[in-house]
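Okay, structure coming up:
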């Protein structure tokens, strides 16, 4: 059984409810964050809280809890889950509003969920993705607006792909729910604007800094032709190789040594987290 928190109440998640007049339903106004635990401890908690706080500030949603109080709730929920590792999903909505537009008191929901790891075969074979000309509004905020990738779901399936890579006017930003990297020789290159600054992305940059020349900068579609490897990073994907983007095969179409090396580095880190 999974437990969650809503505005001071901890209960099984199927017993937590938010009213139908919440701004998240009426206006689509809300944000979220998502992270995993390893060995019973939230991964990179300081960084995730910093990002959640930044998203709330940018969306003018006052946080009802301190960082310390929130951490205590997380540990309580982990204990109620039997001590097994879980995924945490924070959802902060616009709350109830008398005029259906003015923010008054946000609702804060913290859910525990089962972890759904990536299939091992995808790490061995890599994934295919499609391209879409799009850039997310307020990309630095992890908002609940994911309609773009939902609308593209059929196109992704029809292409035999796993996800979509966003680009605008020839400049790459990110995948629908993860960050993007490409490899050129000893250079590790990742977009630095029009993106959500992922925590796994930040972790990989830290783990790679001693072994690679790191470039955080605007990245053009044309640079894919010279890439020996590409991969994406996120909480669930870790370091997931990309072998094809649209009609373009990346490198030799095989999972490369850099992706494998960084995935192993990441796995070593979480093993003793």
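Numbering (our numbering), first residue to last: 528 to 800.
Each residue gets a CB set at the ideal place from its N, CA and C atoms; glycine is no exception.
Since the model is a prediction, treat every value here as computed from it, not as a measurement.
Endpoints, alpha helix (DSSP H) assigned at residue 606: To locate residue 606, count along the chain shown from 1; it is residue 79. Looking at the DSSP string, the run of the alpha helix (DSSP H) that includes residue 606 is 594-607.
Cβ neighbours of residue 779 in the same chain (closer than 7 Å, five flanking residues each side left out): Position 252 of the chain shown holds residue 779. Correct list: empty, nothing qualifies.
CB contact check: residue 735 to chain B, cutoff 8 Å: Given the protein chain composition of this structure (a single chain), no chain B is represented.
Residues bridged to residue 784 [DSSP beta-bridge criterion]: Here residue 784 is taken as the residue at index 257 of the chain shown, counted from 1. DSSP lists no partner for residue 784.
Residue span of the beta strand (DSSP E) that contains residue 764, given as start and end: Locating residue 764 in the chain shown gives position 237, counting from the first residue. It is not in any beta strand (DSSP E) - residue 764 carries neither H nor E in the DSSP assignment.
Through-space distance from residue 610 to residue 665, alpha-carbon basis: In the chain shown, the residue the question calls residue 665 occupies position 138. In the chain shown, the residue the question calls residue 610 occupies position 83. The alpha-carbon atoms of residue 665 and residue 610 are separated by roughly 36 Å.
Closest by C-alpha distance to residue 602, when choosing among 714, 570 and 578: As a working mapping, residue 602 is identified with position 75 in the chain shown. Cα-wise, what sits closest to residue 602 is 570.
Where the beta strand (DSSP E) through residue 700 begins and ends: Translated into the one-based positions of the chain shown, residue 700 becomes position 173. It spans 698-702 - the beta strand (DSSP E) in which residue 700 sits, taken as one unbroken run.
Pair within 8 Å by beta-carbon distance, residue 587 and residue 628: If you number the chain shown from 1, residue 587 lands on position 60. If you number the chain shown from 1, residue 628 lands on position 101. It is not a contact, given that the beta carbons lie outside the stated cut-off.
Check whether residue 699 and residue 747 have beta carbons under 8 Å apart: By 1-based counting over the chain shown, the position of residue 699 is 172. By 1-based counting over the chain shown, the position of residue 747 is 220. Cβ atoms of residue 699 and residue 747: closer than 8 Å.
Residue burial classification, residue 536 (beta-carbon count within 10 angstroms, cutoff 16): Position 9 of the chain shown holds residue 536. Under this definition residue 536 is an exposed residue.
Counterpart residues of residue 794 in DSSP-defined beta bridges: Residue 794 sits at position 267 when you count from the first residue of the chain shown. For residue 794, which the question treats as bridged, DSSP gives no partner whatsoever.
Whether residue 605 touches residue 613 by CB criterion (8 Å): Reading the chain shown from its first residue, position 78 is the one you call residue 605. Reading the chain shown from its first residue, position 86 is the one you call residue 613. Yes, the pair counts as a contact, with Cβ atoms nearer than the cut-off.
Residue nearest to residue 667 in terms of C-alpha spacing, selected from 723, 592, 680 and 565: Here residue 667 is taken as the residue at index 140 of the chain shown, counted from 1. Nearest option by C-alpha distance: 723.
Helix, strand or coil at residue 568 [DSSP, three-state]: Mapped onto the chain shown, residue 568 falls at position 41. Residue 568 falls in the strand class under three-state DSSP.
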